[in-house]
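A.B. asks: Going down the list, the sequences are from chains A and B.
For the record, in the first sequence the residue sitting at position 148 is 148 according to my numbering, with numbers rising by one throughout.
One gets my numbering by counting positions in the second sequence from 1 and adding 1000 to each.
From the three backbone atoms N, C-alpha and C, an ideal C-beta is built for every residue, glycine too.
Pasting a structure here, questions to come.
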Amino acid sequence: MSKYIVTQNVADCIGCRACEVHCKDKNNSGPGAFYCRMIEVTEATATPPRIDFVYLSCFHCEKAWCVDACPTGAMRRRDQDGIVFVEEGACVGCKACITACPWTVPQWNPDTGKVGKCDLCKDRIDAGLEPACITKCTTGCLSFTTPSAASQAARQAFAERMHQNLRR
Amino acid sequence: MTETRHTICGMCAVRCPVSVQIKDGQPEWIEGNSHDGGMGKSLCAKGGATFAQRGDRQRPTAPLLRRGQRGAGEWREVSWDEAFDYIVSRLQPIIAEHGGRSILLSDRGGPFADLRQAFLKSLGSPNYINHDCTCGRNVHHAAKSVYGLGRKDFAYDYENSRHIVLFGRNITESLKVKEVKGFLKAIKNGARVTYIDPRASITAGKASRYWQIRPGTDYALLLGIANCLVNNGYYDHEFAARYISGLPEFKSFLAPYTPEWAAGECGIAATEIETFCRELNEDRPKVIIHPGWMLARYRDSFYASRMIHILNALLGSIEQPGGLFYPKGPKDAGKSGLKSLASLVPAVNEERADGCGSRYPQWDKGAGMLQTALEAIDTGEPYPVKAYFVHRHNPFIAMPDTREQRRILDKLDLLVAVDVNFSETAWFADVILPESTFIERDSILRTEKGLKPGFGRRQQCVKPQNNTKAGWEIYLELARRLGKGEYFPFKSIEDIWQYQLQDTGLTSADFDAKGFVKLSDKAIWYDRDQLKFGTESGKIELVNPKWEAMGVPSLAPYVPPVTPPSGSLRLLFGRTGYQAHGMHQNNPILCDLLDTNRLWINPIAASRIGIKDGDLVTVANGDQQGQIAAYVTDRIHPEAVFMLHGFGTDVPVKKRAFGRGLADQLFMQGKLKEWDKAGGGLNLAESFVTVTRV
Ligand code: SF4
Ligand code: SF4
Ligand code: SF4
């Protein structure tokens, strides 16, 4: 796992897919390729209906299947923070990483004949900024954080809710 | 070198504040303008596809003159000089024979319309029209009839609301960035949300209560709610005593419309309506019942909206935190406003071709009414209309029955389209004047009303990539060539800005830092004991004698909607948050999100017809038919089908979108002639289609 994690507050997500667009605009991922994707999960017969969207991107695995599968070393992991990314020049388009990833996360760019994937906008991170999808999410429901900070934030929110309920 | 410029988004009519980073003359990054706290860096998908639009070559990139038949798509690329000369040479004889009044201009309204109004006025025409007959006209006129104020004279304080009630106002998809953020904050703060719509949009998924109402019965439900509130005394008696007139008549009018009665019409149980009303009583005055944004739907949409306006008043939610408030302007902050361009030009006292203010005395002259203007083009009554400028407006998609519109517009001597895209209407025009994309153009300054009023500026961030111009350049040049240059003594946008700012003590440099200037640091609220309304009595009039005298009864008895003919389903339409009004279906990024629409159909209707999810179906009305895939879902009422709007373009150069999906407006034959008689909004939800398996 990279030292970062992206969390999503599903209650605030409106499925507007701006995150996908901000990603495509920044990364030029090519037609049909989505480094991050909103997956709709619907329960139409519930009252009121449940219409939720789940943000799915790359998990930047600690032991990345894609990296292990790549025959040329194009798919690699950054030492300093564990971001898994493709070095485009070295990608031969064999798609081994796509097959190897349990969630089929690496994306095929038909324009370049190479694989592309989420690198958490590492150039932005290096400039002290956050990834495009998170920076510009329409509702601010995505957070760029670390696992321990995410856990702390979730516990804080839960504690506040519990406290409120106790006072009722 | 990297530079940041603040401007105003132009990808949809919401016009959010945005910031663009530019490196060596090229656009690098766009985000929400975070100097505006409500906006932050947030940007919707359409705004995010701004650079993709600029780079898209499947758009008009130079002035075009038609060569072949109208609509045949044969164009000759010409210089701006030649395009202007051509327009002038066609306009001069029209003006000589029929007068300036025979020129019409329609756009999509908004804060920059002053320039176009000034242009048209300088030619001596009263016929400026915006798109509102397919949008908020019913809401606007309903507000006038209750408060004597327009629909934009109220705004909504979502964040502090306790209960937000939405009759089809799809906040999460027909989305305004700041509004949806406020809405979600309200939910986080514990507000209830009641969403009422025959289709469960994404907004239904955010609601605490969703009512899948029978299509066309909103007014019945509202009458039932009003009856319950009034009979149980669930309203703000003090506010009513002070500001509302006509309550006794209102009460007796409501007598037959009990919640039980309403339940029979709209399919929402009476006990549920009663529980809802009790909640309103608990939550008032921090209640917002949204009176509708786009409400050109049913023949009684005016009355439905009117009833909502009345309910808000009864609940005392006017000029109230957590309710509705008056957006304040420069005057409220003790400051002068922007000078108007239209005021540079002498008044035009001609009768309007569309009959607003004459044949239709109740309709505002300001925004006009396009369907009755089309009648004027068709019949030459009350006088001939021979030239039409369509400015980034697309009636062929926005208005029903494109085929009939084509027949009518073909009677024009001149049809000029000014657009960023090849709109379906532009494709039928005689001349296309390509406008620069919003990051490539300046616009006139706008007034930003709100609790903290101010002014905002759209400025050019990068040079046009193609041979395009900004609207202000186009209209000023046309005016000059038509001999009206004397009214517009401006050489540059700076000159225009300076003129607009003349009384304000500001200069355009004051906009550099943030893109806007606020005229007040703190929120301005009026004294709730001194509220003023625009009616003749100064009160909120449940019975409005002025409107009654114009033939519009204030308390209209309920008339049930037409039931779909046997075997037919009512056709409803709507949109997503990432493609609006057919403007973006061909955008290189946005087309990738969705390249066709589907027919939403309820499992009950689907099984009756023998359709399974994903089946290809034929949708038909009369001789109009087409095929798309079915989406079988409980999210649509059994009496209706639904499709996303803006698909099925017939403009072949839009290669990514051409022929994909179906265009709902084609199935609305005859609907150019059917509108809400009181409010003027077209009845866009009153067409029926048959559905069969292919
Ligand atoms: S931009 Fe934000 S709100 Fe919109 S779909 Fe993506 S995560 Fe959800
Ligand atoms: S592409 Fe798949 S395997 Fe590779 S790091 Fe991402 S989630 Fe893990
Ligand atoms: S809602 Fe989106 S497209 Fe519309 S103005 Fe705002 S950012 Fe631009």
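Quick one: is the Cβ of THR138 (chain A) within less than 7 Å of any heavy atom of ligand 1?
C.D. replies: The residue you call residue 138 (chain A) lines up with position 138 of the first sequence. Because some heavy atom of ligand 1 lies under 7 Å away, the Cβ of THR138 (chain A) counts as near it: yes.
A.B. asks: Which residues in chain A have a C-beta closer than 7 Å to the C-beta of ILE1589 (chain B)? List them in chain order.
C.D. replies: Mapped onto the second sequence, residue 1589 (chain B) falls at position 589. Chain A residues near ILE1589 (chain B): VAL21, LYS24, ASP25.
A.B. asks: With 9 Å as the limit, tell me which residues of the region 1031-1064 of chain B have their beta carbon closer than that to any beta carbon of chain A; keep them in chain order.
C.D. replies: GLU1031, GLY1032, GLY1040, LYS1041, SER1042, LEU1043, CYS1044, ALA1045, LYS1046, GLY1047, GLY1048, ALA1049, THR1050, PHE1051, ALA1052
A.B. asks: Please tell me whether, using a cut-off of 7 Å, the distance from the CB of HIS60 (chain A) to the nearest non-hydrogen atom of ligand 2 is below it.
C.D. replies: Here residue 60 (chain A) refers to the residue found at position 60 of the first sequence. Yes, since a heavy atom of ligand 2 falls inside the 7 Å radius drawn around the Cβ of HIS60 (chain A).
A.B. asks: Grab the span of the beta strand (DSSP E) containing SER1106 (chain B) for me, first residue to last.
C.D. replies: Taking the first residue of the second sequence as 1, we reach residue 1106 (chain B) at position 106. For SER1106 (chain B), the enclosing beta strand (DSSP E) starts and ends at 1103-1107.
A.B. asks: Would you call the CB atoms of ARG1116 (chain B) and HIS1391 (chain B) closer than 8 Å?
C.D. replies: Sequence index remark: in the second sequence, residue 1116 (chain B) carries index 116 (1-based). Sequence index remark: in the second sequence, residue 1391 (chain B) carries index 391 (1-based). Closer than 8 Å, so yes.
A.B. asks: Is ASN1621 (chain B) helix, strand or coil when you go by DSSP?
C.D. replies: Sequence index remark: in the second sequence, residue 1621 (chain B) carries index 621 (1-based). It is a strand residue.
A.B. asks: Strictly under 8 Å for the Cβ-Cβ distance: is LYS95 (chain A) near chain B by that measure?
C.D. replies: The residue you call residue 95 (chain A) lines up with position 95 of the first sequence. Using a Cβ-Cβ cut-off of 8 Å, LYS95 (chain A) does not count as an interface residue toward chain B, since no Cβ of chain B sits closer than that to its own.
A.B. asks: I want to check one thing, is the minimum distance from the CB of TYR55 (chain A) to the heavy atoms of ligand 1 below 7 Å?
C.D. replies: As a position in the first sequence, residue 55 (chain A) is number 55, starting the count at 1. Yes, the beta carbon of TYR55 (chain A) sits closer than 7 Å to at least one heavy atom of ligand 1.
A.B. asks: Terminal residues of the continuous beta strand (DSSP E) containing ASP1419 (chain B)?
C.D. replies: Translated into the one-based positions of the second sequence, residue 1419 (chain B) becomes position 419. That run of the beta strand (DSSP E) goes 1414-1419.
A.B. asks: Curious, which full-length beta strand (DSSP E) runs of at least 3 residues does the region 1159-1223 of chain B contain?
C.D. replies: 1163-1167, 1192-1196, 1209-1211
A.B. asks: Which residues in chain B have a C-beta closer than 8 Å to the C-beta of ARG50 (chain A)? List them in chain order.
C.D. replies: Here residue 50 (chain A) refers to the residue found at position 50 of the first sequence. Here the neighbours are GLY1205.
A.B. asks: Take GLN1058 (chain B) as the anchor and find which of B:ALA1678, B:LYS1677, B:LYS1655 has the nearest alpha-carbon.
C.D. replies: Taking the second sequence and counting its residues from 1, the one referred to as residue 1058 (chain B) is at position 58. Checked all of B:ALA1678, B:LYS1677, B:LYS1655; the closest Cα to GLN1058 (chain B) is B:LYS1655.
A.B. asks: Pull up the CB-CB distance for LEU1315 (chain B) and PRO1291 (chain B), whole angstroms please, since I reckon it's below 8 Å.
C.D. replies: Here residue 1315 (chain B) refers to the residue found at position 315 when the second sequence is read from its first residue. Here residue 1291 (chain B) refers to the residue found at position 291 when the second sequence is read from its first residue. Between PRO1291 (chain B) and LEU1315 (chain B) the Cβ distance is about 13 Å, and since that is not below 8 Å, they are no contact.
A.B. asks: With DSSP as the reference, identify every bridge partner of MET75 (chain A), one or two as the case may be.
C.D. replies: In the first sequence, the residue the question calls residue 75 (chain A) occupies position 75. For MET75 (chain A), which the question treats as bridged, DSSP gives the partners A:VAL86.
A.B. asks: Is the shortest distance between the beta-carbon of PRO31 (chain A) and the beta-carbons of chain B less than 8 Å?
C.D. replies: For the purposes of this step, residue 31 (chain A) is taken as the residue at position 31 of the first sequence. Closer than 8 Å: yes.
A.B. asks: Kindly indicate which three-state DSSP category HIS1140 (chain B) falls into: helix, strand or coil?
C.D. replies: By 1-based counting over the second sequence, the position of residue 1140 (chain B) is 140. Helix, per DSSP.
A.B. asks: Tell me whether TRP108 (chain A) sits in a helix, a strand or coil according to DSSP, three-state version.
C.D. replies: Here residue 108 (chain A) is taken as the residue at index 108 of the first sequence, counted from 1. Strand.
A.B. asks: Among the candidates B:LYS1331, B:VAL1139, B:ASN1312, whose CA atom is the shortest distance from the CA of GLY1322 (chain B)?
C.D. replies: Position 322 of the second sequence, counted from the start, is the residue given in the question as residue 1322 (chain B). The shortest Cα separation from GLY1322 (chain B) among B:LYS1331, B:VAL1139, B:ASN1312 belongs to B:ASN1312.
A.B. asks: So, helix, strand or coil for ASP1527 (chain B), using DSSP?
C.D. replies: Here residue 1527 (chain B) corresponds to residue number 527 of the second sequence, with the count starting at 1. Note: ASP1527 (chain B) maps to coil in three-state DSSP.
A.B. asks: Anyone know if the C-beta pair for HIS1131 (chain B) and ALA1398 (chain B) falls short of 8 Å?
C.D. replies: To locate residue 1131 (chain B), count along the second sequence from 1; it is residue 131. To locate residue 1398 (chain B), count along the second sequence from 1; it is residue 398. Yes. Within cutoff.
A.B. asks: Quick check on the DSSP output: the alpha helix (DSSP H) that includes TRP1243 (chain B) runs from which residue to which?
C.D. replies: Here residue 1243 (chain B) refers to the residue found at position 243 of the second sequence. Here residue 1243 (chain B) turns out to be Tyr, not Trp, going by the sequence shown. Run containing TYR1243 (chain B): 1237-1243, per the alpha helix (DSSP H) assignment.
A.B. asks: Tell me the DSSP secondary structure of CYS1591 (chain B) in three-state form.
C.D. replies: Position 591 of the second sequence, counted from the start, is the residue given in the question as residue 1591 (chain B). The answer is helix: DSSP assigns CYS1591 (chain B) an H, G or I state.
A.B. asks: Is there a C-beta anywhere in chain C that falls below 8 Å from the one on ASP1634 (chain B)?
C.D. replies: Of the protein chains in the structure, A and B, none is chain C.
A.B. asks: Answer yes or no: the CB of GLY15 (chain A) versus the heavy atoms of ligand 1, is any distance below 7 Å?
C.D. replies: Walking along the first sequence from the start, residue 15 (chain A) turns up at place 15. At least one heavy atom of ligand 1 is nearer than 7 Å to the Cβ of GLY15 (chain A), so yes.
A.B. asks: Is the shortest distance between the beta-carbon of THR138 (chain A) and the beta-carbons of chain B less than 8 Å?
C.D. replies: Mapped onto the first sequence, residue 138 (chain A) falls at position 138. Chain B, which has a Cβ nearer than 8 Å to the Cβ of THR138 (chain A), makes this yes.
A.B. asks: Beta carbon of LEU1123 (chain B), beta carbon of GLY1100 (chain B): below 8 Å?
C.D. replies: What you label residue 1123 (chain B) is simply residue 123 of the second sequence in a count that begins at 1. What you label residue 1100 (chain B) is simply residue 100 of the second sequence in a count that begins at 1. Yes, the pair counts as a contact, with Cβ atoms nearer than the cut-off.
A.B. asks: From this set, B:GLU1260, B:THR1468, B:CYS1266, which residue's C-alpha is nearest GLU1274 (chain B)'s C-alpha?
C.D. replies: The residue given as residue 1274 (chain B) occupies position 274 in the second sequence. Here the closest residue by C-alpha is B:GLU1260.
A.B. asks: Relative to ligand 4, is the shortest distance from any of its heavy atoms to the C-beta of LEU1571 (chain B) smaller than 7 Å?
C.D. replies: In the structure shown, ligand 4 is absent; the only ligands present are ligand 1, ligand 2 and ligand 3.
A.B. asks: Can you pull out the residues from the region 1158-1176 of chain B whose beta carbon lies closer than 9 Å to at least one beta carbon of chain A?
C.D. replies: ILE1171, THR1172, GLU1173, LEU1175
A.B. asks: Where does the unbroken alpha helix (DSSP H) through VAL21 (chain A) begin, and where does it stop?
C.D. replies: By 1-based counting over the first sequence, the position of residue 21 (chain A) is 21. Element bounds for VAL21 (chain A): 18-27.
A.B. asks: Please report the residue range of the beta strand (DSSP E) in which ASP1260 (chain B) lies.
C.D. replies: For the purposes of this step, residue 1260 (chain B) is taken as the residue at position 260 of the second sequence. Position check: residue 1260 (chain B) holds Glu in this sequence, whereas Asp was assumed. It is not in any beta strand (DSSP E) - GLU1260 (chain B) instead sits in the alpha helix (DSSP H) that spans 1259-1266.
A.B. asks: By how many angstroms is the C-alpha of ASN1467 (chain B) removed from the C-alpha of TYR1383 (chain B)?
C.D. replies: Your numbering for residue 1383 (chain B) matches position 383 in the second sequence. Your numbering for residue 1467 (chain B) matches position 467 in the second sequence. Rounded to the nearest angstrom, the two C-alpha atoms are 37 Å apart.
A.B. asks: Checking 8 Å against the spacing of the C-beta atoms, do CYS1277 (chain B) and ALA1220 (chain B) come in under that value?
C.D. replies: For this step, residue 1277 (chain B) is matched to residue 277 along the second sequence. For this step, residue 1220 (chain B) is matched to residue 220 along the second sequence. For CYS1277 (chain B) and ALA1220 (chain B), no; Cβs fall outside 8 Å.
A.B. asks: Strictly below 8 Å CB to CB, what residues from chain B border ALA44 (chain A)?
C.D. replies: Translated into the one-based positions of the first sequence, residue 44 (chain A) becomes position 44. Those within 8 Å of ALA44 (chain A) in chain B are ALA1200, THR1633, ASP1634, ARG1635.
A.B. asks: Sort out for me which residues DSSP pairs ASN1130 (chain B) with in a bridge.
C.D. replies: As a first step, residue 1130 (chain B) must be located in the second sequence, where it is residue number 130. B:ASP1107.
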